[in-house]
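What follows is one structure encoded as structure tokens, with my remarks underneath.
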Amino acid sequence: MGNDEYGSPLGYDAPKIIMCDYQGGLASKLSGVGTELVAKNTFWTEFAEASIGDYILIGESSHPDPIAAGANAIQYVTFDADTFERLADDYILVTGV
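Each number in this note's numbering corresponds to the 1-based position in the sequence shown with 7 added.
This is the structure:
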């Protein structure tokens with residue numbers, strides 16, 4: 008839908024319910040000032056339309072704003088071949104990288 012002159016979203020597309028598996032996790036990053044813990048979720052799905060910057064939520068919500076609903080932004084998208092069935096590629100979506 009685009010953004011307004013200040014960079015805020017003008018709205019969001021309707022949510023889509025997808026079939027997926029997921030795993031929550033923590034990663035630690037060490038820098039010169041200490042260690043930072045980063046929470047992330049990894050999703051495995053055949054949904055091919057997800058892009059970096061999209062939002063993903065575990066569960067369902069009727070809230071029109073994904074951020075207020077508690078969704079996380081997708082930070083990384085990659086895919087693998089469907090090794091066994093050869094029907095659809097398998098996509099890996101990662102939040103919180």
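Glycine included, each C-beta is placed from N, C-alpha and C at the ideal position.
Check: For E53 and A95, the rounded distance between their alpha carbons; Outcome: 6 Å
Check: Contacting residues, own chain, Cβ-Cβ under 7 Å from A34 (five flanking each side not counted); Outcome: V45 and K47
Check: Nonlocal neighbours in the same chain, by C-beta distance under 6 Å from E43, ignoring five residues either side; Outcome: K36
Check: Rounded distance between the beta-carbons of F50 and I63, thought under 8 Å; Outcome: 6 Å
Check: Beta-carbon proximity check, A76 vs T102, cutoff 8 Å; Outcome: no
Check: CB contact flag (T90, I99, <8 Å); Outcome: no
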